[in-house]
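Inspection log for the structure reproduced underneath, given as structure tokens.
Protein chains: 2
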Amino acid sequence: MSRSKQPTIDDVARVAGVSRATASRVINNAPGASGLLRARVHEAVAELGYRPNEAARALASGRPRVVDVIAVSCNLPGGWLGSNPYYSRVLAGMMPLLEGTGAQLRVHALSHESAAEALDEISAGVTLGAVLSDITPALAARFHRLCRRVVSLVPTAATVPAMVADNAGGAYAAVTHLHGLGRRRIAAIHGPAISTCAADRRIGHLRAVQRWGLADVSADAGFTREGGYQAALALLDRHPDLDAVFVACDLMAAGVVQALTACGRRVPEDVSVIGFDDSVAAICVNPPLTTMRLPVEEMAAAAVRLLLSGDIVPGHRSLFPAELVERESTGAPKS
Amino acid sequence: MSRSKQPTIDDVARVAGVSRATASRVINNAPGASGLLRARVHEAVAELGYRPNEAARALASGRPRVVDVIAVSCNLPGGWLGSNPYYSRVLAGMMPLLEGTGAQLRVHALSHESAAEALDEISAGVTLGAVLSDITPALAARFHRLCRRVVSLVPTAATVPAMVADNAGGAYAAVTHLHGLGRRRIAAIHGPAISTCAADRRIGHLRAVQRWGLADVSADAGFTREGGYQAALALLDRHPDLDAVFVACDLMAAGVVQALTACGRRVPEDVSVIGFDDSVAAICVNPPLTTMRLPVEEMAAAAVRLLLSGDIVPGHRSLFPAELVERESTGAPKS
DNA sequence: GATAAGGGCGAGAGCGCTCTCACAGGAAGC
DNA sequence: GCTTCCTGTGAGAGCGCTCTCGCCCTTATC
Numbered sequence: 001m002s003r004s005k006q007p008t009i010d011d012v013a014r015v016a017g018v019s020r021a022t023a024s025r026v027i028n029n030a031p032g033a034s035g036l037l038r039a040r041v042h043e044a045v046a047e048l049g050y051r052p053n054e055a056a057r058a059l060a061s062g063r064p065r066v067v068d069v070i071a072v073s074c075n076l077p078g079g080w081l082g083s084n085p086y087y088s089r090v091l092a093g094m095m096p097l098l099e100g101t102g103a104q105l106r107v108h109a110l111s112h113e114s115a116a117e118a119l120d121e122i123s124a125g126v127t128l129g130a131v132l133s134d135i136t137p138a139l140a141a142r143f144h145r146l147c148r149r150v151v152s153l154v155p156t157a158a159t160v161p162a163m164v165a166d167n168a169g170g171a172y173a174a175v176t177h178l179h180g181l182g183r184r185r186i187a188a189i190h191g192p193a194i195s196t197c198a199a200d201r202r203i204g205h206l207r208a209v210q211r212w213g214l215a216d217v218s219a220d221a222g223f224t225r226e227g228g229y230q231a232a233l234a235l236l237d238r239h240p241d242l243d244a245v246f247v248a249c250d251l252m253a254a255g256v257v258q259a260l261t262a263c264g265r266r267v268p269e270d271v272s273v274i275g276f277d278d279s280v281a282a283i284c285v286n287p288p289l290t291t292m293r294l295p296v297e298e299m300a301a302a303a304v305r306l307l308l309s310g311d312i313v314p315g316h317r318s319l320f321p322a323e324l325v326e327r328e329s330t331g332a333p334k335s
Numbered sequence: 001m002s003r004s005k006q007p008t009i010d011d012v013a014r015v016a017g018v019s020r021a022t023a024s025r026v027i028n029n030a031p032g033a034s035g036l037l038r039a040r041v042h043e044a045v046a047e048l049g050y051r052p053n054e055a056a057r058a059l060a061s062g063r064p065r066v067v068d069v070i071a072v073s074c075n076l077p078g079g080w081l082g083s084n085p086y087y088s089r090v091l092a093g094m095m096p097l098l099e100g101t102g103a104q105l106r107v108h109a110l111s112h113e114s115a116a117e118a119l120d121e122i123s124a125g126v127t128l129g130a131v132l133s134d135i136t137p138a139l140a141a142r143f144h145r146l147c148r149r150v151v152s153l154v155p156t157a158a159t160v161p162a163m164v165a166d167n168a169g170g171a172y173a174a175v176t177h178l179h180g181l182g183r184r185r186i187a188a189i190h191g192p193a194i195s196t197c198a199a200d201r202r203i204g205h206l207r208a209v210q211r212w213g214l215a216d217v218s219a220d221a222g223f224t225r226e227g228g229y230q231a232a233l234a235l236l237d238r239h240p241d242l243d244a245v246f247v248a249c250d251l252m253a254a255g256v257v258q259a260l261t262a263c264g265r266r267v268p269e270d271v272s273v274i275g276f277d278d279s280v281a282a283i284c285v286n287p288p289l290t291t292m293r294l295p296v297e298e299m300a301a302a303a304v305r306l307l308l309s310g311d312i313v314p315g316h317r318s319l320f321p322a323e324l325v326e327r328e329s330t331g332a333p334k335s
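Written out as structure tokens, the structure reads:
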């Protein structure tokens with residue numbers, strides 16, 4: 001087996017002519033080893049091509065070097081992943097922080113059915129902690145009870161520490177932006193009720209509606225382009241005079257723009273459309289979507305930083321503001 | 001510490017009144033334990049809430065339970081991740097297979113600079129194997145030398161086992177499709193030369209150009225919408241009479257459609273556009289893109305299946321065909 | 001020069017598990 | 001009733017590493 005050929009720390013110690021303890025000290029850059037021996041050990045490491053065995057390290061030290069990322073598909077019909085680049089942004093935000101620490105990233109993409117059991121499993125593992133990137137509040141709370149080292153990226157149970165986007169604030173800002181452009185008959189297309197993000201965006205929309213004295217004209221859809229398309233058609237049927245649409249995600253907004261165009265409405269002249277997420281969909285739509293960008297990378301990085309630091313306060317909540325990205329799908333009304 | 005409260009297999013054995021060996025047998029569902037003791041052990045496990053320690057398992061058995069997924073950003077300017085849902089599809093294809101085995105997924109998103117060192121690190125780890133989802137041939141070959149349990153999802157050095165999409169065949173089919181629609185002045189927009197996928201698509205295009213006696217009118221761009229947009233403008237400037245464009249990825253194709261529209265060309269009446277990948281961009285563009293869909297999930301699943309089976313043959317290569325997805329960006333010429 | 005103090009170093013005990021081996025006890029064969 | 005062969009079980013030796021001790025040698029202090 002190649003396994004037996006893998007050099008161990010004992011080999012390093014023998015070659016360097018030191019004890020295993022000293023070799024360990026040098027390898028882990030711990031104090032208590034003289035410069036002379038340090039050099040000898042480093043030499044031996046290089047000569048043998050020695051690489052520490054992660055499993056043995058984890059076992060002996062009890063110090064975990066893994067960050068779990070957990071996503072339970074609760075929103076998207078085709079599973080949590082599919083076409084969603086959100087998770088790519090999450091991972092991209094985390095990697096730079098982990099690179100320095102030697103910690104590694106374990107990804108769990110769970111179906112809703114297998115989630116409960118899998119979470120039990122994960123919570124028992126030796127881990128720096130888990131980042132919940134998509135999960136229902138009930139599952140999050142359950143997981144948090146089993147394992148305290150948890151940070152959520154989505155709004156969940158109040159006890160679970162969270163780095164969340166200000167979805168409500170973003171939705172409020174989006175609608176307010178439309179209002180500021182002179183739009184008054186602003187409709188909304190919301191995401192599925194099971195998604196807490198969608199729920200918060202709904203709240204923000206409602207707040208803006210009340211603030212600006214608008215009518216609450218809303219439709220629901222799954223977070224899909226097709227859903228947005230259909231919802232827009234239905235909305236247009238009931239309210240042919242609408243002059244703006246707030247859409248809870250860009251993918252749906254793409255469908256909305258397509259439906260509006262198909263129905264002979266000009267975007268943005270007749271109807272302004274604002275999306276949410278600033279995903280790749282936003283720039284592919286014609287015209288490119290004005291949207292609310294969430295600092296997903298920053299949130300993910302903050303979550304990892306919290307886990308690495310170790311002092312995780314239950315109930316902690318950081319709110320990350322959404323930022324308006326103006327493109328061409330919004331503007332003042334023109335006839 | 002909560003750590004000391006975590007029950008061990010010895011606790012289970014004691015509570016069940018059996019030896020550690022028997023407890024281990026039952027927990028691992030190994031033969032050689034009677035039904036009576038099995039029940040007692042299971043009872044003890046449930047009572048204590050025992051969960052095996054992964055690190056200890058890995059160390060004692062030497063049997064790895066981790067699959068590494070490695071992506072080195074060599075193509076995309078904003079890093080390998082960013083807006084690319086490709087990796088989501090890769091992970092989605094893998095998860096179902098791993099779920100049953102208890103193996104876990106470790107993701108490494110490396111910058112091109114840190115890649116070499118990180119690959120050394122990873123290759124030394126105890127792992128079922130690594131799936132290379134984006135990497136240069138040189139790095140892949142180097143990694144393969146260090147660690148035999150490797151499967152690539154992109155075309156790389158010939159020795160590295162690979163589950164790759166038939167990029168050349170897909171490009172050939174795409175151009176042939178355009179030709180079949182009656183298009184004769186077909187331009188191409190290729191991806192960056194460093195990407196082996198882009199290179200293969202280029203080859204397929206060239207093959208089709210030769211087969212159908214077309215002129216080789218090509219431009220290069222990064223795999224971005226902006227790149228596609230600019231390349232299309234340049235192409236249109238040099239060849240104002242082109243009647244079709246083969247674009248090496250959907251995101252670029254989105255830019256191409258936008259450029260064509262901005263220049264007063266109708267898609268598909270004046271110019272047909274065909275993309276590649278069937279990513280989310282394809283359905284957001286107006287008109288929705290005809291594109292070549294790659295069975296990414298299947299490829300990823302096949303890679304994992306190979307790693308799990310263990311018999312990885314150097315040089316093995318499975319080719320997965322690309323499938324034409326017809327939408328509205330292609331059609332016969334109309335004036 | 002004796003004692004104290006301190007830092008470098010090695011011995012060795014685990015970490016929690018797997019797995020080999022030896023052994024007990026019962027069934028089968030002569 | 002003896003040997004032979006199972007099959008079920010337990011003892012115990014590691015897996016490769018970390019980390020606590022305690023030893024020893026050096027340096028400071030009187």
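Taken in sequence, the protein lines are chains A and B. 1 is the number of the first residue of the first sequence in UniProt numbering; add one for each residue after it. 1 is the number of the first residue of the second sequence in UniProt numbering; add one for each residue after it. Beta carbons: idealized from backbone N, C-alpha and C, even for Gly.
Whole-number beta carbon distance between R207 of chain B and Y172 of chain B, since they are thought to touch under 8 Å: In the second sequence, residue 172 of chain B corresponds to position 172, counting from 1. In the second sequence, residue 207 of chain B corresponds to position 207, counting from 1. Indeed, because the Cβ distance is near 5 Å, the residues count as touching under 8 Å.
Test: T330 of chain A CB closer than 8 Å to a CB of chain B: In the first sequence, residue 330 of chain A corresponds to position 330, counting from 1. So, not an interface residue.
Residue nearest to V90 of chain B in terms of C-alpha spacing, selected from B:F223, B:A248, B:T224, B:D277: As a first step, residue 90 of chain B is located in the second sequence; it is residue number 90 there, counting from the start. A check of alpha carbon separations from V90 of chain B across B:F223, B:A248, B:T224, B:D277 identifies B:D277 as the nearest.
Cβ-Cβ separation, G275 of chain A to L289 of chain A (assumed contact under 8 Å), whole Å: As a working note, residue 289 of chain A is residue 289 in the first sequence. As a working note, residue 275 of chain A is residue 275 in the first sequence. The Cβ separation is near 4 Å, so the contact holds.
Proximal chain A residues relative to G125 of chain B, where beta-carbon distance stays under 7 Å: As a working note, residue 125 of chain B is residue 125 in the second sequence. Within chain A, the residues near G125 of chain B are E54.
C-beta contact flag for Q104 of chain B and V150 of chain B at 8 Å: By 1-based counting over the second sequence, the position of residue 104 of chain B is 104. By 1-based counting over the second sequence, the position of residue 150 of chain B is 150. The answer is no: Cβ separation not under 8 Å.
Best match in B:H205, B:A187, B:F143, B:V131 for proximity to D166 of chain B [C-alpha to C-alpha]: If you number the second sequence from 1, residue 166 of chain B lands on position 166. That would be B:H205, whose Cα lies nearest to the Cα of D166 of chain B.
Per-residue contacts from Y87 of chain B into chain A (C-beta, under 7 Å): On the second sequence, residue 87 of chain B is found 87 positions in, with the first residue counted as 1. Neighbours of Y87 of chain B on chain A, chain order: S88.
Per-residue DSSP class, three states only, for R238 of chain A: Position 238 of the first sequence, counting from 1, holds the residue named residue 238 of chain A. Shown here, R238 of chain A sits in a helix according to DSSP, grouped into three states.
Under 7 Å by beta carbon: chain A residues contacting L251 of chain B: On the second sequence, position 251 is the one that residue 251 of chain B refers to. Within 7 Å Cβ-Cβ: V280.
Interface flag, Q104 of chain B vs chain A, CB-CB below 8 Å: In the second sequence, counting from the first residue as 1, residue 104 of chain B sits at position 104. Yes, its Cβ sits closer than 8 Å to a Cβ of chain A.
Local Cβ density within 10 Å of P155 of chain A, reported as buried at 16 or more and exposed below that: Here residue 155 of chain A is taken as the residue at index 155 of the first sequence, counted from 1. Around the CB of P155 of chain A, 16 or more other CB atoms lie within 10 Å, so the residue is classed as buried.
Contact between the stretch 248-268 of chain B and the stretch 133-148 of chain B (3+ Cβ pairs under 8 Å): By the Cβ test, the stretch 248-268 of chain B is not in contact with the stretch 133-148 of chain B, since fewer than three Cβ pairs between them sit closer than 8 Å.
Spatial distance of V160 of chain B from S123 of chain B (CA atoms): Here residue 160 of chain B is taken as the residue at index 160 of the second sequence, counted from 1. Here residue 123 of chain B is taken as the residue at index 123 of the second sequence, counted from 1. Rounded to whole angstroms, the separation of the alpha carbons of S123 of chain B and V160 of chain B is 14 Å.
Cutoff 8 Å: I189 of chain B Cβ touching any chain A Cβ: Here residue 189 of chain B refers to the residue found at position 189 of the second sequence. Answer no: the Cβ-Cβ gap between I189 of chain B and chain A never drops below 8 Å.
Option nearest P287 of chain B by Cα separation, candidates B:S318, B:E326, B:L306: As a first step, residue 287 of chain B is located in the second sequence; it is residue number 287 there, counting from the start. Per the Cα distances, B:E326.
N- and C-terminal bounds of the alpha helix (DSSP H) containing S218 of chain B: By one-based count along the second sequence, residue 218 of chain B stands at place 218. Premise fails: S218 of chain B lies in the beta strand (DSSP E), 217-220, not in any alpha helix (DSSP H).
Bridge-paired residues (DSSP) for R317 of chain B: Position 317 of the second sequence, counting from 1, holds the residue named residue 317 of chain B. B:A162.
Same chain only: Cβ atoms within 6 Å of R317 of chain B, ignoring 5 sequence neighbours per side: Residue 317 of chain B sits at position 317 when you count from the first residue of the second sequence. Cβ-Cβ distances below 6 Å link R317 of chain B to A162 in the same chain, with the five nearest sequence neighbours on each side left out; the list follows chain order.
DSSP state of R25 of chain B mapped onto helix, strand, coil: Within the second sequence, residue 25 of chain B is the residue found at index 25, counting from 1. Of the three classes helix, strand and coil, the one that applies to R25 of chain B here is helix, per DSSP.
Closest by C-alpha distance to A46 of chain B, when choosing among B:A116, B:D11, B:R20: Looking up residue 46 of chain B in the second sequence gives position 46. When each option's Cα is compared against that of A46 of chain B, the closest is B:D11.
Cβ-based burial, G314 of chain A [other Cβ within 10 Å; buried from 16]: Position 314 of the first sequence, counted from the start, is the residue given in the question as residue 314 of chain A. The sequence as given places Pro at residue 314 of chain A; Gly does not occur at that position. Using a 10 angstroms sphere on the CB of P314 of chain A, the tally of other CB atoms stays under 16, which defines it as exposed.
Proximal residues of chain A, C-beta to C-beta of Q230 of chain B below 7 Å: Against the second sequence, residue 230 of chain B aligns to sequence position 230. Chain-order list of chain A residues neighbouring Q230 of chain B: empty, with the shortest C-beta distance near 14 Å, by a criterion of under 7 Å.
Bridge-paired residues (DSSP) for G129 of chain A: Position 129 of the first sequence, counting from 1, holds the residue named residue 129 of chain A. DSSP lists A:V67 as partners of G129 of chain A.
Nearest-angstrom Cα separation, counted from V285 of chain A out to V209 of chain B: Translated into positions along the second sequence, residue 209 of chain B becomes position 209. Translated into positions along the first sequence, residue 285 of chain A becomes position 285. The C-alpha of V209 of chain B lies about 31 Å from the C-alpha of V285 of chain A.
Strand pairing of S88 of chain B, partner residues [DSSP]: Working through the second sequence from its first residue, we reach residue 88 of chain B at position 88. BP columns for S88 of chain B are empty, so no partner.
Status (buried if at least 16 other CB within 10 Å, exposed otherwise) for V18 of chain B: Counted from its first residue, the second sequence places residue 18 of chain B at position 18. Classification of V18 of chain B: buried, given that the 10 Å Cβ count is 16 or more.
Cβ-based neighbour list, L98 of chain A, same chain, cut-off 8 Å, excluding 5 preceding and 5 following: Against the first sequence, residue 98 of chain A aligns to sequence position 98. Sequence-distant partners of L98 of chain A (beyond 5 residues in either direction) whose C-beta falls short of 8 Å from its own C-beta, in its chain, are V67, Q104, L105, V304.
Buried versus exposed, by CB contacts within 10 Å (16 or more), P268 of chain B: Here residue 268 of chain B refers to the residue found at position 268 when the second sequence is read from its first residue. Counting other Cβ atoms within 10 Å of its Cβ, P268 of chain B reaches 16 or more and is therefore classed as buried.
T136 of chain B, DSSP secondary structure in three states: Locating residue 136 of chain B in the second sequence gives position 136, counting from the first residue. T136 of chain B falls in the coil class under three-state DSSP.
Buried or exposed by the 16-neighbour rule on C-beta atoms within 10 Å, applied to A71 of chain B: Taking the first residue of the second sequence as position 1, residue 71 of chain B is located at position 71. Its Cβ being crowded by 16 or more others within 10 Å, A71 of chain B is buried.
Integer Cβ distance of P52 of chain B from A58 of chain B, believed to fall under 8 Å: For the purposes of this step, residue 52 of chain B is identified with residue 52 of the second sequence, where counting begins at 1. For the purposes of this step, residue 58 of chain B is identified with residue 58 of the second sequence, where counting begins at 1. Rounded to the nearest angstrom, the Cβ distance from P52 of chain B to A58 of chain B is 10 Å, too far for a contact under 8 Å.
Reference R227 of chain B, options B:G255, B:D241, B:L235, closest by Cα: Translated into the one-based positions of the second sequence, residue 227 of chain B becomes position 227. Residue identity differs from the one stated: residue 227 of chain B is Gly in this sequence, not Arg. Out of B:G255, B:D241, B:L235, B:G255 has the C-alpha closest to the C-alpha of G227 of chain B.
Within 8 Å, strictly: CB atoms of A158 of chain B and A198 of chain B: Within the second sequence, residue 158 of chain B is the residue found at index 158, counting from 1. Within the second sequence, residue 198 of chain B is the residue found at index 198, counting from 1. No.
Per-residue DSSP class, three states only, for H42 of chain B: Translated into positions along the second sequence, residue 42 of chain B becomes position 42. Collapsing the DSSP output to three states places H42 of chain B in a helix.
Where the beta strand (DSSP E) containing V273 of chain A begins and where it ends: The sequence position of residue 273 of chain A within the first sequence is 273, counting from 1. Counting along the chain, the beta strand (DSSP E) containing V273 of chain A begins and ends at 272-277.
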